[in-house]
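Protein sequence lines, in the order shown, are assigned to chains A and B. Everything in the first sequence is counted per this note's numbering, starting at 659 for the first residue and increasing by one. Everything in the second sequence is counted per this note's numbering, starting at 659 for the first residue and increasing by one. Glycine is no exception: its CB is placed at the ideal position from the N, C-alpha and C atoms.
Number of protein chains: 2
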Amino acid sequence: MTQDTAADTAKPNRRRRSGGRAGNMRGRGPAIVQPSWHLPEYLDNPIEPLTGEGVEKVHDAAMRILEEIGIQFLHDDAIAILRREGCTIMADGVTVRMGRDFVMEKITTCPSRFTITPRNPDKAIEIGGNRAVFGQVGSPPNYSNLDEGRRTGTMKAFTDLIKFTHYFDCIHFQSGYPVEPIDVHPSIRHLDSIRTKMVLSDKVSHAYSLGVERIEDAIEMVRIAGGLTDEAFDATPRMFTNINSTSPLKHDWPMLDGAMRMAARNQPTVVSPFTLAGAMAPVTLAGAIAQQTAEGLAAIVLLQCVRPGSPAVYGSFTSNVDMKTGAPAFGTPEYVRATQMSGQMARFYGLPLRASNACAANFPDAQAAWESGNSLWACTTGGVNMIYHSAGWLEGGLCASYEKFMIDCEMLQQMQHYLKPVGVTDADCAVAAIEDVGAGGHFFGTPHTQDRYETAFYSPFLSDWSNFENWEDNGSQRTEERANRLWKRILEEFEPAPIDAAIVDELDAFVAKRKEEGGAPTDF
Amino acid sequence: MTQDTAADTAKPNRRRRSGGRAGNMRGRGPAIVQPSWHLPEYLDNPIEPLTGEGVEKVHDAAMRILEEIGIQFLHDDAIAILRREGCTIMADGVTVRMGRDFVMEKITTCPSRFTITPRNPDKAIEIGGNRAVFGQVGSPPNYSNLDEGRRTGTMKAFTDLIKFTHYFDCIHFQSGYPVEPIDVHPSIRHLDSIRTKMVLSDKVSHAYSLGVERIEDAIEMVRIAGGLTDEAFDATPRMFTNINSTSPLKHDWPMLDGAMRMAARNQPTVVSPFTLAGAMAPVTLAGAIAQQTAEGLAAIVLLQCVRPGSPAVYGSFTSNVDMKTGAPAFGTPEYVRATQMSGQMARFYGLPLRASNACAANFPDAQAAWESGNSLWACTTGGVNMIYHSAGWLEGGLCASYEKFMIDCEMLQQMQHYLKPVGVTDADCAVAAIEDVGAGGHFFGTPHTQDRYETAFYSPFLSDWSNFENWEDNGSQRTEERANRLWKRILEEFEPAPIDAAIVDELDAFVAKRKEEGGAPTDF
């Protein structure tokens, strides 16, 4: 149950807690009854569209890109490190070629699975192996809900969406900002945003690699929230960042800088090339995955040079574009195959894998559900370890939808239930129960059913399984309308994760100091 | 393209063809551009939740049900046949016990794959092996669309839905009535319904096993439509029927009678026990699948006794109920696992497998899409050969929705495209193209892209991939609203499959004669 930790009495900052409305809810019970927090595990074999030979061919193409074409690193320290390691720096001073033996040797120090421990150790997540963990939508500039329509992101919406992220146990980590809080100046936005994430939730958090100050401030705030010394912080992963290459073939300064700072402190970086087939990558999936692999491994190699053994994740964001408009599409057949192929490459290199629950739809309707459904199936059949953008994503990532968040959590819960093993004991095979019931009977009241019915099946919170007449009598509510009612109840009953008042004070003091210093410099 | 055969000039019965509106469509082009007719093939390994030992345990449970409990056959001829074959008939005269050696020996004559050839041999479908074929929703009493709401079935709605069935190349066969035409008297309903199916479409058709007259009339009409002699009809499968056991453990007279008549003429029967876990079957999936297997194999054994080598299909309809209300649920985690487990059992017995694209939703919204999406993924990851109820199903099968039909066909096309192999030639791996584009470039205009962009990606007909602003300018159309416009265009441009006027005359004469004779006797 999500409220397990809410019984703690130390809740110094229940900001926005709608105490006055709690009275209205008496007798209604919680908004939903959730399955307990658990980290799903893949027990099925992944789906593998490539043969072993196919994997070798994509690998060979990736290695040729690294050896013969090279990747640009727009960061002097990165170039200096790679030069020192024996890579060839081309005449332009930024293009690096690296041999396949060097690449394959360097990635052996990158762990194939690791744990990230947030301020609440009970919410630690394992990344890699056959684990699957899910995070909410990150980085959209807009949000929407049925009441307000679609609007530019605000700190209020950010806070609401972080509450959902904390509330649902099927969400295991906090990705990037669930919506960009445009109403907070960029120089101090990261301070307010990370404070909100740290104080409302005790789940693992992402931090952006967007210049020195933002990542260093985030590291410091995660350290403070965890009540950790610098040494304790560095001892094991506590947070993570995600970087994207500027495809094709380029890693920019801000992301490299943040990732190297994270690696230096033993913190994980997810490297997710933005290889949209037909636009920033070849129109062929094998070509796009080869390029994704080359761009991803190039950065992972650099991070292993910075600190051998620091964790990194092979990120897959390969999808296709609408060839009529160039717009990115998600949840497509190509996206599914690209994700499954990425799974094969990640396992080939012994690296954890990240992909996304993405869609292109503009509204939380059938298209949004089939596209997200395809993306989710892509992730689970591909053996994806970190599923980004799991809840709330619409419009190719340009909008965080409150209603879609609810819809996605329903789909996530179902998928996570599906991933559990099926029992085949003698009692499960139920020959005696079948004999007892006999021809023409039914199983409703039998002991075999009574002993199991409460937990035998997954119980949805958003699906309406009533018959048409009852559904109509209840107002013919569409799924998005039910989702709309649900998120309001969740906000009403939300309880933040417990946190020591002293830690909140320390966070606030840090934020105040950094604001006084001007936060992260901007030119406006 | 679906219109390949429409160029034929012999179209004596373009009933309802909206010739007057054709002018309106000039310059608009076809409603959709479809992928060509093809029979999808599974190239990936299926997902198998059971270990080999687990399969043996479910098999053993099924065999114990057949050996120790027995199955009721409410048909004297069936009992006589099984008695003659050495089965034990219990004192009640209807319960049959059969030994596992007998069962396993009998099913060896049942083909693991076969072909059904309709009146147009180009539309022949293969059932079994690694083939997947899809049919539309069958048997709902109601239909709905956004214009009319939800109504009791009519012959007009039946006809519209058969037109959709014929129109979409992702639909390979005609299942049962797409909606029950309640406005036609039951005594002659099968005559009008099958005539409509035969004349509008040249795809394989189902016929109901509901008493002697209905199945015999259907056989005769399929024979006439194909221009076949009795001998030619019997030489190979031309149609099929589906029977459901009355779970638990009972096969009723009308279905057994129809199936035995079909087997006698070498025509296939799909045996689909209605084993809803928690209601008519154990609450445990292993128990429900064991019961499904026992009920299914019992009938298949009987049909092999009637005519060794006649084709049959192992049908899976196992899902779970809402334990609060007893209502059946579909597209659930349990449904996915049950379907995958059924795939393992079907392959264990060397039998083709049928399952469904089902959902419980009351409206073609997000819930409908995630439930159907889960069902479709269940089918394809389970290796299902015949996917029933692929398009149009709502409300647990109580309603055929016009808009859901369009949504499902979009999802089917995407799934069928996904099932195609991924290329990994050197040209696919695209190292040269990546070198040509270089860092900071893009792939839009490159020869590698230009040579492939028209066919590189699946192109949806119902997804709206425009950005939010354009989507809003176009009226913020929900998926179901776009689907509503689409089915109207499809009905406008519909062309029936070409058919010889003489054959239509012969069908009509048969229908007239049988109506004069009273059709199938009813007591009202």
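Under a CB-based cut-off of 8 Å, is residue 1136(B) close to chain A? Residue-level contact check: residue 1136(B) touches chain A, since one or more beta carbons of chain A fall below 8 Å from its beta carbon.
Does DSSP classify residue 896(A) as helix, strand or coil? DSSP places residue 896(A) in coil when its eight states are reduced to three.
Looking at chain B, is there any beta carbon in it that lies within less than 8 Å of the beta carbon of residue 1089(A)? Yes, its Cβ sits closer than 8 Å to a Cβ of chain B.
Quick one: residues in its chain with C-beta nearer than 8 Å to the C-beta of residue 1134(A), no 5 flanking neighbours on either side, listed in chain order? If we look at residue 1134(A) and ignore the five residues flanking it on each side, it has no Cβ neighbours.
Do you know offhand how far residue 808(B)'s Cα is from residue 841(B)'s? In this structure, the CA atom of residue 808(B) is about 15 Å from the CA atom of residue 841(B).
Contact the segment 1164-1175 of chain A vs the segment 822-842 of chain A: 3+ CB pairs below 8 Å: Taking 8 Å as the limit for Cβ pairs, the verdict is that the segment 822-842 of chain A does not touch the segment 1164-1175 of chain A.
Would you say the segment 927-942 of chain B touches the segment 1065-1078 of chain A, given that touching needs at least three Cβ pairs under 8 Å? Taking 8 Å as the limit for Cβ pairs, the verdict is that the segment 1065-1078 of chain A does not touch the segment 927-942 of chain B.
Could you check whether the Cβ of residue 1236(B) sits closer than 8 Å to any Cβ belonging to chain A? Shown here, chain B extends from 659 to 1182; a query on residue 1236(B) therefore has no answer.
Counting only beta-carbon separations shorter than 8 Å, does residue 840(B) have a partner in chain A? No, because no Cβ of chain A sits closer than 8 Å to the Cβ of residue 840(B).
So, is the C-beta of residue 696(A) closer than 8 Å to a C-beta in chain B? Chain B, which has no Cβ nearer than 8 Å to the Cβ of residue 696(A), makes this no.
Taking the CB atoms as reference points, tell me whether residue 820(A) and residue 793(A) lie closer together than 8 Å. Their beta carbons are not under 8 Å apart, which means residue 820(A) does not touch residue 793(A) by this criterion.
Name, going along the chain, the residues of the segment 1099-1110 of chain B whose beta-carbon falls closer than 8 Å to a beta-carbon of chain A. Listed in sequence order: 1099, 1100, 1101, 1102, 1106, 1107 and 1110.
Note down, in chain order, all residues in the segment 939-957 of chain B with a beta-carbon under 7 Å from any beta-carbon belonging to chain A. Per Cβ criterion, the list reads 939, 940, 941, 942, 943, 944, 945, 948 and 949.
What does residue 699(A) pair with, by DSSP beta-bridge criteria? According to DSSP, residue 699(A) bridges with 789(A).
Quick check on the burial criterion: 16 or more other C-beta atoms within 10 angstroms. Buried or exposed for residue 1180(B)? Under a 10 Å Cβ-count criterion, residue 1180(B) is classified as exposed, with fewer than 16 other Cβ atoms of the shown protein chains found around its own Cβ.
Using 8 Å as the threshold, is the C-beta distance between residue 1100(B) and residue 938(A) below it? For the 8 Å CB-CB criterion, residue 1100(B) and residue 938(A) form a contact.
Taking the beta carbon of residue 748(A) as the centre, do at least 16 other beta carbons fall within 10 Å, making it buried, or is it exposed? Counting the other Cβ atoms within 10 Å of the Cβ of residue 748(A) gives fewer than 16, which makes it exposed.
Say whether chain B places a C-beta atom closer than 8 Å to the C-beta of residue 1146(A). Not an interface residue.
With a threshold of 6 Å on Cβ separation, who are the neighbours of residue 853(B) within its own chain once the five nearest residues in sequence on each side are excluded? Excluding five sequence positions before and after residue 853(B), the CB atoms of its chain that fall closer than 6 Å to its own CB belong to 1165 and 1169, given in chain order.
Per DSSP, which one or two residues make a beta bridge with residue 908(B)? Residue 908(B) is bridged to 730(B).
Quick check on DSSP: helix, strand or coil for residue 987(B)? In the three-state DSSP reduction, residue 987(B) falls in the strand class (E or B).
Is the segment 1136-1143 of chain B close to the segment 1108-1123 of chain B, with three or more CB pairs under 8 Å? A contact exists between the segment 1136-1143 of chain B and the segment 1108-1123 of chain B.
Nearest candidate by alpha-carbon position, reference residue 1147(A), set 712(A), 1060(A) and 906(A): Per the Cα distances, 1060(A).
Strictly under 8 Å for the Cβ-Cβ distance: is residue 1121(B) near chain A by that measure? Taking Cβ atoms only, chain A reaches closer than 8 Å to residue 1121(B), which makes this a yes.
Taking Cβ positions only, does residue 1175(B) come closer than 8 Å to chain A? Using a CB distance cut-off of 8 Å, residue 1175(B) does not count as an interface residue toward chain A.
Measuring CA to CA, which of 771(B), 1089(B) and 745(B) is closest to residue 895(B)? Nearest to residue 895(B) by C-alpha distance, out of 771(B), 1089(B) and 745(B), is 771(B).
Answer with buried or exposed for residue 976(B), where buried requires no fewer than 16 other C-beta atoms within 10 angstroms of its C-beta. By the 10 Å Cβ count, residue 976(B) comes out buried.
Which one or two residues does DSSP pair with residue 802(A) in a beta bridge? Under DSSP, residue 802(A) shares a beta bridge with 808(A) and 1059(A).
CA-CA distance, residue 1020(A) and residue 1125(B)? Approximately 7 Å between the Cα atoms of the pair.
My understanding is that residue 1003(A) touches residue 713(A), with C-beta atoms under 8 Å, so please give their C-beta distance in whole angstroms. By a beta-carbon distance limit of 8 Å, residue 1003(A) contacts residue 713(A). Their separation comes to about 7 Å.
Put residue 765(A) into one of helix, strand or coil per three-state DSSP. In this structure, residue 765(A) counts as helix in the three-state DSSP scheme.
Mind listing, in chain order, the continuous alpha helix (DSSP H) runs of no fewer than 4 residues lying wholly within the segment 804-877 of chain B? With a minimum length of 4 residues, the continuous alpha helix (DSSP H) runs that stay inside the segment 804-877 of chain B are 813-825 and 844-858.
Run down chain E in chain order and give the residues with a C-beta less than 9 Å from the C-beta of residue 1115(A). The chain inventory of the structure shown lacks chain E, comprising the protein chains A and B.
Local conformation of residue 772(A) per DSSP, three classes: Correct three-state label for residue 772(A): strand.
Comparing the C-beta of residue 1045(A) with each C-beta of chain B, is any distance below 8 Å? Closer than 8 Å: no.
What's the call for residue 1163(A), buried or exposed, on a 16-neighbour Cβ count within 10 Å? So residue 1163(A) counts as exposed.
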